[in-house]
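Engineer: If you count by our numbering, then the sequence shown holds residues 28 to 563, one letter each, in order. Before anything else, here's the structure in question.
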Amino acid sequence: MSQAALPFTEDLRQFTERLRQEGELIDLHQAIDIRHIATLVDQSDKAILFHKVIGYDMPVLSGIVRTQKRAVMSVGCATFREIEDKLQKGITNPIAPNRVSTSSTEEIIWTGDEVDLFKLPIPMSSVFDGGPMITAGVVIAKDPEYGINTGVYRFIVKEKNLTGIDIVTPNNMRMFAQRAYEAGRSCPISISIGTHPMEVLGAGFRAPIGVDEMGIAGGIRGCPVNLGSCKTIDMPYIADSEIVLEGEILPVGWTQPEGRFGEFTGLMGGLHWNPVVKINAIMMRKNPMFYFLHMPWENTWLAAPTRYQSIRQALKTAGIQVKDINVTLGGRAFWHAVISIKKQAGEGKNALLAALSVMDLKHIVIVDDDIDVFNPTEVEWAIATRVQGDRDVIIIPGARAKPLDPSLYITHGQVPTGAKVGIDATIGEGIPKERFERISYAYAERAKIADYASGKADQVIISEPESYQALAEKIVAVIELTPTYYSELAEKFSDYDFPTIARAFGFLHTNGKLWQDSRGRLCLKNSKFAAKLPTA
28 MSQAALPFTE
38 DLRQFTERLR
48 QEGELIDLHQ
58 AIDIRHIATL
68 VDQSDKAILF
78 HKVIGYDMPV
88 LSGIVRTQKR
98 AVMSVGCATF
108 REIEDKLQKG
118 ITNPIAPNRV
128 STSSTEEIIW
138 TGDEVDLFKL
148 PIPMSSVFDG
158 GPMITAGVVI
168 AKDPEYGINT
178 GVYRFIVKEK
188 NLTGIDIVTP
198 NNMRMFAQRA
208 YEAGRSCPIS
218 ISIGTHPMEV
228 LGAGFRAPIG
238 VDEMGIAGGI
248 RGCPVNLGSC
258 KTIDMPYIAD
268 SEIVLEGEIL
278 PVGWTQPEGR
288 FGEFTGLMGG
298 LHWNPVVKIN
308 AIMMRKNPMF
318 YFLHMPWENT
328 WLAAPTRYQS
338 IRQALKTAGI
348 QVKDINVTLG
358 GRAFWHAVIS
368 IKKQAGEGKN
378 ALLAALSVMD
388 LKHIVIVDDD
398 IDVFNPTEVE
408 WAIATRVQGD
418 RDVIIIPGAR
428 AKPLDPSLYI
438 THGQVPTGAK
448 VGIDATIGEG
458 IPKERFERIS
468 YAYAERAKIA
478 DYASGKADQV
488 IISEPESYQA
498 LAEKIVAVIE
508 LTPTYYSELA
518 EKFSDYDFPT
528 IARAFGFLHT
538 NGKLWQDSRG
548 RLCLKNSKFA
558 AKLPTA
């Protein structure tokens, strides 16, 4: 049941319990090697809570939004589209965070020599991983000029109090770190691990600089997100998170190798050069859970709604009437979208330009509203039958690209740019619409195979042998008034058997009376409706 109209105050533990009650989570109480966690989650159709991870004192939770169903559940919605609507509500009507004096996250606090990342059950994931990585750190950073920014970043564990932070992609967090580095100062950050997925959704939206993503998360929830205060840095954290790391990006620049790691692309990422983060304190709840976001699908299902919202907003701004959008799973919900529009002249190209401006979208296909954007055969058919490459394919070089795109050329020390491609697979202006009338079979509405398989038989009609001449006169009386399709005439005169109908048309052809209009309907040869032979 949707909870869209209610303030949504659920935390991660309550969501985990809801998954358990709905049969979407399994509890494993036996001893399990942490090195086995990633592959077990990959094989499971449920979220998993690993209660006894060998060598650690806390359980590991993973896979909680690894399917569309669980993503929908996490945001308190009834449908996947409703997540987009909630996100739009949060963007349009943000609710500022609420600062609290304390929270359950402060029940245990490690500082100084107590800080030890190796005590946290941080799993390894892929065969080629560079080490254990924190995959779901909701990071809050602050810039003296631009204010607060929140995003989700990855941290590879290097030492007991040192990690890397993966900020190779151009974004506000990278800019904050770059500005701090150029000023010769650290960039303080809080890293909240084990938040509710709503905070991950809000943090994952690429908001304009100066916009607080936790305000968006509050708008999604319908109530403020509570923020506590860190103990060793002047930064907020997400209250009631399972674990919070208090750290600072050191002003050393992008100097240490980090990776590799399995990316949202479904591929192993390359080695990145990144800054390092010194962890000054660790706070956690009593009996905390460590949340391990499993790549790639846990990332995909909460990233996709941000793309849907941004595309829809861009097209709305461009004045395009959208029927449907499919941010495809083959494009990993980052790079590809198929969009159907109710087109007016020229809007296929306008829609392409608007959609290609969104985030890191790479390939866009625009189709007419008769095409099902979720049916790849339909989309391919539209491309095959409605596209001329020199007219309908747009290539925009030198656009902002996502560095994780493995097809980009290597640029040493520089942020790469790439090409965006748009395909206008709508029916072109000036092309007769009848060229695109789909095959539809006569009598489909009443002749059903199931009925005939069950023994249905049609009425047998036998016409008089010479009755076709009388029928021909009746046909002439109809088509001299309005051109009519053959099947419509066959139905209109269905009190004759079909051989007689066919002979009647043959009689009219023989006598030079029958012709067709430009749409293939039958008419009289010398009438105003008759198609004319094209001239050179």
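Note that CB positions come from ideal geometry on N, CA and C, so glycine has one too. Since this is a predicted model, take the numbers as computed values, not measurements.
Three-state secondary structure (DSSP) at residue 38?
Structural biologist: Numbered from 1 along the sequence shown, position 11 holds the residue referred to as residue 38. If DSSP states are grouped into helix, strand and coil, residue 38 belongs with coil.
Engineer: Would you kindly report the start and end of the unbroken beta strand (DSSP E) that includes residue 53?
Structural biologist: Here residue 53 refers to the residue found at position 26 of the sequence shown. That run of the beta strand (DSSP E) goes 52–59.
Engineer: For residue 58 and residue 78, what's the separation of their Cα atoms in angstroms?
Structural biologist: Locating residue 58 in the sequence shown gives position 31, where the first residue counts as 1. Locating residue 78 in the sequence shown gives position 51, where the first residue counts as 1. Roughly 8 Å separates the two Cα atoms.
Engineer: Short of 6 Å in beta carbon distance, which residues of its chain neighbour residue 28, apart from the five on each side in sequence? Order them along the chain.
Structural biologist: For the purposes of this step, residue 28 is taken as residue 1 along the sequence shown, with counting starting at 1. Confidence at residue 28 is low in this model, with a pLDDT of 43, below 50, so its placement is unreliable and the value that follows should be read with caution. Taken in chain order, the list of residues that qualify is empty.
Engineer: Compare the beta carbon distance of residue 415 and residue 455 with 9 Å and say whether it is the shorter of the two.
Structural biologist: Here residue 415 refers to the residue found at position 388 when the sequence shown is read from its first residue. Here residue 455 refers to the residue found at position 428 when the sequence shown is read from its first residue. Yes, the Cβ-Cβ distance between residue 415 and residue 455 is below 9 Å.
Engineer: Among 88, 149 and 228, which one has its Cα closest to the Cα of residue 246?
Structural biologist: Translated into positions along the sequence shown, residue 246 becomes position 219. Checking every option, the nearest Cα to that of residue 246 belongs to 228.
Engineer: Can you name the start and end residues of the beta strand (DSSP E) that residue 309 belongs to?
Structural biologist: The residue you call residue 309 lines up with position 282 of the sequence shown. It spans 303–311 - the beta strand (DSSP E) in which residue 309 sits, taken as one unbroken run.
Engineer: Between the C-alpha atoms of residue 195 and residue 251, what's the straight-line distance to the nearest angstrom?
Structural biologist: Taking the sequence shown and counting its residues from 1, one reaches residue 195 at position 168. Taking the sequence shown and counting its residues from 1, one reaches residue 251 at position 224. Rounded to the nearest angstrom, the two C-alpha atoms are 31 Å apart.
Engineer: Under the assumption that residue 565 contacts residue 552 (Cβ atoms under 8 Å), give the Cβ distance between them as a whole number of angstroms.
Structural biologist: As displayed, the chain neither begins before 28 nor continues past 563, which places residue 565 out of reach and without an answer.
Engineer: Leaving out the 5 sequence neighbours to the left and right, which residues in its chain are closer than 7 Å to residue 265 when beta-carbon positions are compared?
Structural biologist: The residue you call residue 265 lines up with position 238 of the sequence shown. Counting only Cβ-Cβ distances below 7 Å, and skipping sequence neighbours, we find 165, 219, 222, 226, 252 and 254.
Engineer: Between the beta-carbon of residue 364 and the beta-carbon of residue 394, is there less than 9 Å?
Structural biologist: As a working mapping, residue 364 is identified with position 337 in the sequence shown. As a working mapping, residue 394 is identified with position 367 in the sequence shown. Their beta carbons are not under 9 Å apart, which means residue 364 does not touch residue 394 by this criterion.
Engineer: Cβ atoms of residue 427 and residue 387: under 9 Å apart, would you say?
Structural biologist: Counting from one through the sequence shown, the residue named residue 387 turns up at place 360. Counting from one through the sequence shown, the residue named residue 427 turns up at place 400. Their beta carbons are under 9 Å apart, which means residue 387 touches residue 427 by this criterion.
Engineer: With a CB to CB cut of under 8 Å and the five nearest residues on each side skipped, what residues in its chain are close to residue 525?
Structural biologist: Against the sequence shown, residue 525 aligns to sequence position 498. Excluding positions up to five away in sequence, the list reads 517.
Engineer: Assign residue 128 to buried or exposed, taking buried as 16 or more other Cβ atoms, counted over all protein chains shown, within 10 Å of its Cβ.
Structural biologist: Position 101 of the sequence shown, counted from the first residue, corresponds to residue 128. Label assigned to residue 128: exposed.
Engineer: Is any non-hydrogen atom of the ligand ADP found closer than 8 Å to the C-beta of residue 277, if you look at the structure I gave you?
Structural biologist: No copy of the ligand ADP occurs in the structure displayed, which carries no ligand at all.
Engineer: Three or more C-beta pairs under 8 Å: does that hold for the segment 130–138 against the segment 303–313?
Structural biologist: A contact exists between the segment 130–138 and the segment 303–313.
Engineer: Tell me the DSSP secondary structure of residue 117 in three-state form.
Structural biologist: Counted from its first residue, the sequence shown places residue 117 at position 90. In this structure, residue 117 counts as helix in the three-state DSSP scheme.
Engineer: Can you tell me where the alpha helix (DSSP H) holding residue 179 begins and where it ends?
Structural biologist: Numbered from 1 along the sequence shown, position 152 holds the residue referred to as residue 179. Per DSSP, residue 179 belongs to no alpha helix (DSSP H); it is in the beta strand (DSSP E), 174–186.
Engineer: Contact between the segment 374–384 and the segment 340–352 is defined here as three or more beta-carbon pairs at a separation below 8 Å; is this criterion met?
Structural biologist: The segment 374–384 vs the segment 340–352: in contact.
Engineer: Check whether the segment 85–97 and the segment 64–74 are in contact - that is, three or more C-beta pairs closer than 8 Å.
Structural biologist: Segments in contact, yes.
Engineer: I need the DSSP call for residue 518, collapsed to helix, strand or coil.
Structural biologist: Translated into the one-based positions of the sequence shown, residue 518 becomes position 491. It is helical.
Engineer: Can you give the Cα-Cα distance for residue 30 and residue 267, rounded to whole angstroms?
Structural biologist: Start at 1 with the first residue of the sequence shown, and residue 30 comes out as number 3. Start at 1 with the first residue of the sequence shown, and residue 267 comes out as number 240. Note that residue 30 has pLDDT 49, beneath the 50 cutoff, so the model's placement of it is unreliable and the number below is only indicative. Going by the C-alpha atoms only, they are around 21 Å apart.
Engineer: Which whole runs of the alpha helix (DSSP H) in the segment 346–414 are 4 residues long or more, in chain order?
Structural biologist: Listed in chain order, they are 374–383 and 403–413.
Engineer: Short of 8 Å in beta carbon distance, which residues of its chain neighbour residue 330, apart from the five on each side in sequence? Order them along the chain.
Structural biologist: Sequence index remark: in the sequence shown, residue 330 carries index 303 (1-based). Once the five neighbours on either side are set aside, the close Cβ partners of residue 330 are 231, 291, 360 and 361.
Engineer: When DSSP labels each residue in this structure, what does residue 192 get in the three-state scheme?
Structural biologist: Taking the sequence shown and counting its residues from 1, the one referred to as residue 192 is at position 165. DSSP places residue 192 in coil when its eight states are reduced to three.
Engineer: List, from N- to C-terminal side, the beta strand (DSSP E) runs of 3 residues or more that fit wholly inside the segment 97–149.
Structural biologist: Complete beta strand (DSSP E) runs here, min 3: 135–138.
Engineer: Given a cut-off of 9 Å, decide if residue 171 and residue 87 are closer than it, judged by their beta-carbon atoms.
Structural biologist: Mapped onto the sequence shown, residue 87 falls at position 60. Mapped onto the sequence shown, residue 171 falls at position 144. No, they are not a contact pair.
Engineer: Take the Cβ of residue 474 as the centre, count every other Cβ of all protein chains shown within 10 Å, and call the residue buried at 16 or more, exposed below.
Structural biologist: As a working mapping, residue 474 is identified with position 447 in the sequence shown. Residue 474 is exposed by the Cβ-count criterion.
Engineer: Note the first and the last residue of the continuous alpha helix (DSSP H) segment covering residue 243.
Structural biologist: Indexing the sequence shown from 1 puts residue 243 at position 216. That run of the alpha helix (DSSP H) goes 240–248.
Engineer: Counting only the same chain and skipping the five closest in sequence on each side, list residues whose C-beta sits under 6 Å from that of residue 449.
Structural biologist: If you number the sequence shown from 1, residue 449 lands on position 422. Cβ within range, chain order: 379, 383, 391 and 421.
Engineer: So what does DSSP say about residue 462, is it helix, strand or coil?
Structural biologist: Translated into the one-based positions of the sequence shown, residue 462 becomes position 435. If DSSP states are grouped into helix, strand and coil, residue 462 belongs with the helices.
Engineer: For the alpha helix (DSSP H) holding residue 427, just list the boundary residues, first then last.
Structural biologist: Here residue 427 refers to the residue found at position 400 when the sequence shown is read from its first residue. Segment 420–427 is the beta strand (DSSP E) holding residue 427; no alpha helix (DSSP H) there.
Engineer: Please list the segments of the beta strand (DSSP E) lying wholly inside the segment 266–297, counting only runs of 3 or more residues, in order along the chain.
Structural biologist: Within the segment 266–297, the complete beta strand (DSSP E) runs of at least 3 residues are 270–276 and 283–285.
Engineer: How long is the line joining the alpha carbons of residue 167 and residue 175, rounded to whole angstroms?
Structural biologist: Translated into positions along the sequence shown, residue 167 becomes position 140. Translated into positions along the sequence shown, residue 175 becomes position 148. One C-alpha to the other measures close to 7 Å.
Engineer: For residue 474, does the three-state DSSP call read helix, strand or coil?
Structural biologist: Position 447 of the sequence shown, counted from the start, is the residue given in the question as residue 474. Residue 474: coil per DSSP, three-state reduction.
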